[in-house]
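Q:
Okay, structure coming up:
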């Protein structure tokens, strides 16, 4: 079944398109909009397979909207609806699957559906042919490494695993062997480092991982090639973006979902504590910006969900708790949620820490 979004600025025509498309059992309508701006905002949330677009719309015409959508998702299938056939050439310039001349009939929708399903099947087969498990590394919420074949890597020793974790935090950087010896071993440091490096190289080779350990200038460097690593994605995002906006919203959401917990989770790596604190600050910043973006856009539910996702990991974080309470206080319809969350927060502080909320928190709760 294909997920469908419909964008048509005239309400009667929108209702007609809903009726015609709903008659196709292979199509599921997941969003209908009269505003192209709103449709674009929800595009990354709904993630449809197909979009039926009216060409002639105010604010942003269908051609422009399609171009924006294709930039976000190159696999999206676009079907234009128009009263003027001369738009057809422009339509296919943005990789439209088809165009329908108004007034659209059930036969038109049936014909297009057949084509959409065929394209989807061909794309799925192509994806399967190109699908090859790649090295994947999860550092947030757990520490799990999978080789090119998809199997979880088994480490010969804990030190081998920990040394690899350290290199992941500082990829493509030469790390002094003296620093590594001082950090990881109290006795027989030189021979232990040499042995552990040899074991690590063997693990990488046996699992066909696109990673290499190089010996350079009295140190070692982890060279990364093609590898999926949540830590790399997270840090790369912050090196390219200073804030959340409409253009990077999809990427911001993806990176927000990447942070699933503390770095390396239960691994008690003392050297990673400072790094974890830095990453937590970055995650807090992203949470604020993402939640604030949705709040300004009027998407209170999504703003709330973003903040609550953060608080699920850091339940005692007072500033973010205040942020959430302010979201609830923004409208009377959220009064019940405000009272419920505050009650649970008070209970949590008392049971876990034996303290009461600060005056700054208390003042947000109406008497």
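In the UniProt record's numbering, the protein residues as written are 1 to 367.
Yeah, the Cβ is synthetic: ideal placement off N, Cα and C, and Gly gets one too.
It should be emphasised that the depicted structure is a prediction, and the values quoted were computed from it without experimental measurement.
For residue 33, report the span of its beta strand (DSSP E) as first-last.
A: Counted from its first residue, the chain shown places residue 33 at position 33. Segment 27 to 33, the beta strand (DSSP E) holding residue 33.
Q: Within a Cβ cutoff of 6 Å, which residues of the same chain sit near residue 310, ignoring the five residues on either side of it in sequence?
A: Translated into positions along the chain shown, residue 310 becomes position 310. Cβ within range, chain order: 287 and 320.
Q: Could you give the residue range of the alpha helix (DSSP H) that holds residue 72?
A: For the purposes of this step, residue 72 is taken as residue 72 along the chain shown, with counting starting at 1. Its alpha helix (DSSP H) spans residues 62 to 72.
Q: Measuring CB to CB, does residue 32 end up less than 7 Å from residue 53?
A: Here residue 32 refers to the residue found at position 32 when the chain shown is read from its first residue. Here residue 53 refers to the residue found at position 53 when the chain shown is read from its first residue. No; because the gap between Cβ atoms is not below 7 Å, this pair is not in contact.
Q: Taking its Cβ as the centre, do 16 or more other Cβ atoms sit within 10 Å of residue 363, making it buried, or is it exposed?
A: One-based indexing of the chain shown puts residue 363 at position 363. With fewer than 16 other Cβ atoms within 10 Å, it is exposed.
Q: Below 6 Å CB to CB, which residues in the same chain sit around residue 160 once its five sequence neighbours on both sides are set aside?
A: Residue 160 sits at position 160 when you count from the first residue of the chain shown. Cβ neighbours of residue 160 beyond the five flanking positions: 196, 199 and 200.
Q: Considering only the alpha carbon of each residue, which of 182, 204 and 183 lies closest to residue 151?
A: Taking the chain shown and counting its residues from 1, the one referred to as residue 151 is at position 151. The residue with the shortest Cα to Cα distance from residue 151 is 204.
Q: Just mark residue 89 as buried or exposed, buried being the case when its beta carbon has 16 or more other beta carbons within 10 Å.
A: Looking up residue 89 in the chain shown gives position 89. Residue placement at residue 89 is poorly supported in this model, since its pLDDT is 49, which falls under 50; the coordinates are not used for a value here.
Q: Is the Cβ-Cβ distance between residue 163 and residue 26 less than 7 Å?
A: To locate residue 163, count along the chain shown from 1; it is residue 163. To locate residue 26, count along the chain shown from 1; it is residue 26. Going by C-beta atoms, residue 163 is not nearer than 7 Å to residue 26.
Q: Could you tell me if residue 207 is buried or exposed, where buried requires 16 or more neighbouring beta carbons within 10 angstroms of its beta carbon?
A: For the purposes of this step, residue 207 is taken as residue 207 along the chain shown, with counting starting at 1. It counts as buried.
Q: Who are the Cβ neighbours of residue 170 in its own chain at under 6 Å, not counting the five residues just before and after it?
A: The count along the chain shown starts at 1 and reaches residue 170 at position 170. Same-chain partners within the cutoff: there are none.
Q: What beta strand (DSSP E) runs, 3 residues minimum, are completely inside the stretch 222 to 297?
A: None, since the stretch 222 to 297 contains no complete beta strand (DSSP E) of that length.
Q: Here's the rule I'm using: 16 or more other beta-carbon atoms within 10 Å means buried, otherwise exposed. How should residue 133 be labelled?
A: Reading the chain shown from its first residue, position 133 is the one you call residue 133. No answer about residue 133 holds up, because its pLDDT of 47 lies below 50 and its placement is not dependable.
Q: Exposed or buried, what is residue 335 when buried is set at 16 or more other beta-carbons lying within 10 Å of its beta-carbon?
A: Here the question's residue 335 lines up with position 335 in the chain shown. The residue in question, residue 335, is exposed, as its Cβ has fewer than 16 Cβ neighbours within 10 Å.
Q: How is residue 80 classed by DSSP in three states: helix, strand or coil?
A: As a working note, residue 80 is residue 80 in the chain shown. It is a strand residue.
Q: May I ask which residues mark the beginning and end of the alpha helix (DSSP H) holding residue 46?
A: Residue mapping note: residue 46 aligns to position 46 of the chain shown, counting from 1. Taken as a continuous stretch (DSSP letters only), the alpha helix (DSSP H) holding residue 46 covers 36 to 46.
Q: Taking DSSP as the reference, what is the three-state secondary structure of residue 365?
A: Mapped onto the chain shown, residue 365 falls at position 365. Reduced to three states, the DSSP call for residue 365 is coil.
Q: Apart from the five residues on each side of it in sequence, which residues of its chain come closer than 7 Å, Cβ to Cβ, to residue 368?
A: Examination of residue 368 is not possible in this model, given that the chain is present from 1 through 367 alone.
Q: Once the 5 residues before and after residue 283 are set aside, which same chain residues still bring their CB inside 6 Å of it?
A: Counting from 1 along the chain shown, the entry for residue 283 is found at position 283. Contacts found: 259.
Q: Please classify residue 129: is it buried, with 16 or more other beta-carbons within 10 angstroms of its beta-carbon, or exposed?
A: Along the chain shown, read from residue 1 onward, the residue named residue 129 stands at position 129. Reliability of the predicted coordinates at residue 129 is poor, the pLDDT of 47 falling under 50, and no value is obtained from them.
Q: Cα separation between residue 356 and residue 308?
A: For the purposes of this step, residue 356 is identified with residue 356 of the chain shown, where counting begins at 1. For the purposes of this step, residue 308 is identified with residue 308 of the chain shown, where counting begins at 1. So the two alpha carbons sit approximately 20 Å from each other.
Q: Contact defined as beta carbons within less than 8 Å: I believe residue 172 pairs with residue 209. What is the distance between those atoms, to the nearest angstrom?
A: Numbered from 1 along the chain shown, position 172 holds the residue referred to as residue 172. Numbered from 1 along the chain shown, position 209 holds the residue referred to as residue 209. With 8 Å as the limit, residue 172 and residue 209 do not qualify as a contact, their Cβ atoms being about 15 Å apart.
Q: Using alpha carbons as the reference points, say which of 326, 327, 280 and 302 lies closest to residue 44.
A: For this step, residue 44 is matched to residue 44 along the chain shown. Among 326, 327, 280 and 302, the Cα nearest to that of residue 44 is on 302.
Q: Figure out for me which residue from 17, 80, 5 and 19 has the closest Cα to the Cα of residue 48.
A: Taking the first residue of the chain shown as 1, we reach residue 48 at position 48. For the residues 17, 80, 5 and 19, the minimum Cα distance to residue 48 belongs to 5.
Q: Please list, in chain order, all residues of the same chain as residue 166 whose beta carbon is under 7 Å from its beta carbon, the five residues on each side excluded.
A: On the chain shown, residue 166 is found 166 positions in, with the first residue counted as 1. Contacts found: 271.
Q: For residue 36, count neighbouring C-beta atoms within 10 Å of its own C-beta (all shown protein chains included) and say buried if the count is 16 or more, exposed if not.
A: Residue mapping note: residue 36 aligns to position 36 of the chain shown, counting from 1. Residue 36 is buried by the Cβ-count criterion.
Q: Thinking C-beta only, is residue 98 closer than 7 Å to residue 57?
A: On the chain shown, position 57 is the one that residue 57 refers to. On the chain shown, position 98 is the one that residue 98 refers to. Against a cut-off of 7 Å, the Cβ pair of residue 98 and residue 57 comes out as no contact.
Q: Should residue 264 and residue 143 be called a contact, given that it needs their Cβ atoms to be closer than 7 Å?
A: Within the chain shown, residue 264 is the residue found at index 264, counting from 1. Within the chain shown, residue 143 is the residue found at index 143, counting from 1. Contact: yes.
Q: For the putative contact between residue 190 and residue 183, defined by C-beta atoms under 8 Å, what is the C-beta separation to the nearest angstrom?
A: The residue given as residue 190 occupies position 190 in the chain shown. The residue given as residue 183 occupies position 183 in the chain shown. Between residue 183 and residue 190 the Cβ distance is about 13 Å, and since that is not below 8 Å, they are no contact.
Q: Can you list, in chain order, the residues of its chain with a C-beta nearer than 8 Å to that of residue 250? Leave out the 5 residues immediately preceding and following it.
A: Position 250 of the chain shown, counted from the start, is the residue given in the question as residue 250. Correct list, in chain order: 44 and 72.
Q: Is residue 344 near the ligand FMN, judged by its Cβ being under 6 Å from some heavy atom?
A: Absent from the structure shown: the ligand FMN. Ligands present: none.
Q: Output the distance between the C-alpha atoms of residue 313 and residue 261, rounded to the nearest integer angstrom.
A: Residue 313 sits at position 313 when you count from the first residue of the chain shown. Residue 261 sits at position 261 when you count from the first residue of the chain shown. Between residue 313 and residue 261, the C-alpha separation is close to 7 Å.
Q: May I have the straight-line CA-CA distance separating residue 74 from residue 50, to the nearest angstrom?
A: Stepping through the chain shown from its first residue, residue 74 is reached at position 74. Stepping through the chain shown from its first residue, residue 50 is reached at position 50. Roughly 12 Å separates the two Cα atoms.
Q: Near residue 248, which residues of its chain fall below 8 Å by C-beta distance, leaving aside the five closest residues on each side in sequence?
A: Taking the chain shown and counting its residues from 1, the one referred to as residue 248 is at position 248. Counting only Cβ-Cβ distances below 8 Å, and skipping sequence neighbours, we find 241.
Q: Take residue 140 as the anchor and find which of 40, 147, 168 and 154 has the nearest alpha-carbon.
A: Stepping through the chain shown from its first residue, residue 140 is reached at position 140. Selected option, being the one with the closest Cα: 168.
Q: With a threshold of 6 Å on Cβ separation, who are the neighbours of residue 295 within its own chain once the five nearest residues in sequence on each side are excluded?
A: Start at 1 with the first residue of the chain shown, and residue 295 comes out as number 295. Cβ within range, chain order: 303.
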